[in-house]
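In my numbering, the protein residues as written are 24 to 236. Even for Gly, the Cβ is constructed at its ideal location relative to N, Cα and C. This one's a predicted model, so the numbers in the text were calculated from it and none came from an experiment. Structure record follows, encoded as structure tokens.
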């Protein structure tokens, strides 16, 4: 009987240790070579929700405000997001965008317009330059402003040809967005009262053109 007491005491100590571990609420560390349990349904739902929120953050807002220098001084003008064929851009109140044709024009005078054409990734710049010069020669003397555009909303353009004549100004531009999407802009700005306002607003809109991902 005396010899059995140490054994009983050892068993009692083990039971007490196990009881204390259970009461502490701490989970045991995972032994080497074993995998942790799969995340609970709540954790999976939280992860999915977080992914959705991140995706939504990358979407463009429906409206944007732009600081513009107008005849009345600096003003904050609001533009609305419009969807074209393979691209989107912000359009100001006085403009109308024809998504099917890719044409952005003054609502009250459609002679003022720009045609927007997405270019393929393998476009040939030399061919576009030849075509642009042929088109613009009909409108007047052709000037080349390709490259960095100082204090210009577009910032830079791989190709920027402009013809100035008696009827006004015509531009032929190949421009690449920050996302790497290339576009061809054909802009027609006749002489008239609306010429200055059209040019200032339409160029800002063109600087917001972005291809669909």
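To the nearest whole angstrom, what separates the beta carbons of residue 171 and residue 148, a pair I think is in contact under 8 Å? For the purposes of this step, residue 171 is taken as residue 148 along the chain shown, with counting starting at 1. For the purposes of this step, residue 148 is taken as residue 125 along the chain shown, with counting starting at 1. 16 Å between Cβ atoms; not a contact.
Nearest-angstrom Cα distance between residue 212 and residue 126? The sequence position of residue 212 within the chain shown is 189, counting from 1. The sequence position of residue 126 within the chain shown is 103, counting from 1. Rounded to the nearest angstrom, the two C-alpha atoms are 13 Å apart.
For residue 86 versus residue 101, is the C-beta spacing smaller than 7 Å? The residue you call residue 86 lines up with position 63 of the chain shown. The residue you call residue 101 lines up with position 78 of the chain shown. The answer is yes: Cβ separation under 7 Å.
With a threshold of 8 Å on Cβ separation, who are the neighbours of residue 71 within its own chain once the five nearest residues in sequence on each side are excluded? For the purposes of this step, residue 71 is taken as the residue at position 48 of the chain shown. Since pLDDT at residue 71 reaches only 49, below the 50 mark, its modelled position is unreliable, and no value is offered.
Counterpart residues of residue 141 in DSSP-defined beta bridges: As a working note, residue 141 is residue 118 in the chain shown. Residue 141 is bridged to 206.
What does the Cβ neighbour count give for residue 194, buried or exposed, with the cut at 16 atoms within 10 Å? Within the chain shown, numbered from 1, the residue matching residue 194 stands at position 171. Looking at its Cβ environment, which holds 16 or more other Cβ atoms inside 10 Å, residue 194 is buried.
DSSP three-state call for residue 232: helix, strand or coil? The residue labelled residue 232 in the question sits at position 209 within the chain shown. For residue 232, the secondary structure class from DSSP, reduced to helix, strand or coil, is coil.
Taking the Cβ atom as the reference point for each residue, do residue 184 and residue 165 lie within a distance shorter than 7 Å? Position 161 of the chain shown holds residue 184. Position 142 of the chain shown holds residue 165. In this structure, the beta-carbon distance from residue 184 to residue 165 falls below 7 Å.
Does DSSP classify residue 155 as helix, strand or coil? Position 132 of the chain shown, counting from 1, holds the residue named residue 155. Helix, per DSSP.
Simplified DSSP assignment, three categories, for residue 108: As a working note, residue 108 is residue 85 in the chain shown. In the three-state reduction of the DSSP assignment, residue 108 falls in the coil class.
Integer-rounded CB distance, given that residue 143 should sit under 8 Å from residue 234: For this step, residue 234 is matched to residue 211 along the chain shown. For this step, residue 143 is matched to residue 120 along the chain shown. The beta-carbon separation of residue 234 and residue 143, rounded to 11 Å, does not stay under the 8 Å limit for a contact.
Look at the Cβ atom of residue 186, then the Cβ atom of residue 210, and state whether they are nearer than 7 Å. As a first step, residue 186 is located in the chain shown; it is residue number 163 there, counting from the start. As a first step, residue 210 is located in the chain shown; it is residue number 187 there, counting from the start. Contact flag unset, no.
Environment of residue 197 [buried if 16+ CB atoms lie within 10 Å]: Locating residue 197 in the chain shown gives position 174, where the first residue counts as 1. Under this definition residue 197 is a buried residue.
Return the CA-CA distance between residue 155 and residue 208, expressed in angstroms with no decimal places. The residue you call residue 155 lines up with position 132 of the chain shown. The residue you call residue 208 lines up with position 185 of the chain shown. Spanning the two alpha carbons is a distance of roughly 10 Å.
Is residue 182 helix, strand or coil when you go by DSSP? The residue you call residue 182 lines up with position 159 of the chain shown. Three-state result, residue 182: strand.
Have a look at residue 163 and residue 191 and give me their C-alpha separation to the nearest angstrom. The residue given as residue 163 occupies position 140 in the chain shown. The residue given as residue 191 occupies position 168 in the chain shown. Their Cα atoms are separated by approximately 9 Å.
Check for me: the beta strand (DSSP E) holding residue 127 runs from which residue to which? Numbered from 1 along the chain shown, position 104 holds the residue referred to as residue 127. It spans 126-129 - the beta strand (DSSP E) in which residue 127 sits, taken as one unbroken run.
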